[in-house]
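Read the structure below first, then the notes.
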Amino acid sequence: MDQDIDILIALCCKNDKKAQQALYNKYASTMFAVCMRYCHSRQDAQDAFQDGFIKVFQHIQSHKRSESIEGWIRRIMVNTCIDKHRKENWIVTDTVEHQYNAQTLNHVTKEDSPVTLPTNEKLIELIQQLPKQYRTVFNMYVLEEYTHQEIANQLQISVSTSKSNLYRARKWLQNAIADENILNNK
């Protein structure tokens, strides 16, 4: 299978349209799901997805054979979504350290709450309803496994802002899930 992917990538580097279509078809649904997690609307996700695949094919020759093509494409999609939102000036860059003490912020770790990719449509819907800055940090940390330092660098925010946005995202989701349970039990 790896040999097939290597051949496909080599053909894509030569601008072979059939190979590009095959690579697109292989990863389209997975990468669109990535874009949907970062974007508030389906239209925004479609725009980011399209822009992302344009970047994939423009830069495919820079893909290193030692790295997973899926991981490489995923990173392009995530970065495209982040860049799109940064251009729209929605990312909050103010620090909120004064609102949370260090103990609260340090309490938020991967070990405390390992999360796998959601399969429940309702959970995905709730994640999409998160405020944008919370949703982005949540997706990057929990689903893409970025560190807080990597998130801070990518989003041009402080590490403490990344931690507090993750904390707020989790609290928001907990409250939303609790509200859903209350509504469903009535």
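The opening residue of the sequence shown carries number 1 in UniProt numbering; numbering runs sequentially from there.
All C-beta atoms, glycine included, are put in the ideal place defined by N, C-alpha and C.
Setting aside the 5 residues that flank it on each side, residue 11 is surrounded in the same chain by 19, each with a C-beta closer than 6 Å to its C-beta; the list follows chain order. Per the coordinates, the alpha-carbon of residue 160 lies some 10 Å from the alpha-carbon of residue 167. Within a 10 Å sphere around the beta-carbon of residue 136 sit 16 or more other beta-carbons, which makes this residue buried. For residue 16, there is no enclosing alpha helix (DSSP H), as DSSP marks it with neither H nor E.
Excluding five sequence positions before and after residue 34, the CB atoms of its chain that fall closer than 7 Å to its own CB belong to 74, 77, 78, given in chain order. With fewer than 16 other CB atoms across the displayed protein chains lying within 10 angstroms of its CB, residue 59 is exposed. Under the criterion of beta carbons closer than 8 Å, residue 175 and residue 134 do not qualify as touching, at roughly 12 Å. Within the same chain, Cβ atoms closer than 7 Å to the Cβ of residue 57 are found at 12, 20, the five residues on either side in sequence being excluded.
When DSSP states are grouped into helix, strand and coil, residue 5 belongs to the helix group. Following the DSSP letters along the chain, one finds residue 70 inside the alpha helix (DSSP H) bounded by residues 69-87. The beta carbon of residue 43 is closer than 6 Å to none in its chain, skipping five residues each way along the sequence. Taken through DSSP and simplified to helix, strand or coil, residue 146 comes out as coil. Following the DSSP letters along the chain, one finds residue 122 inside the alpha helix (DSSP H) bounded by residues 121-129.
Rounded to whole angstroms, the Cβ separation of residue 52 and residue 80 is 4 Å, and the two are in contact under 8 Å.
Where residue 43 is concerned, the enclosing alpha helix (DSSP H) starts and stops at 42-59. A residue is called buried once 16 or more other Cβ atoms fall within 10 Å of its Cβ, and residue 153, having fewer, is exposed.
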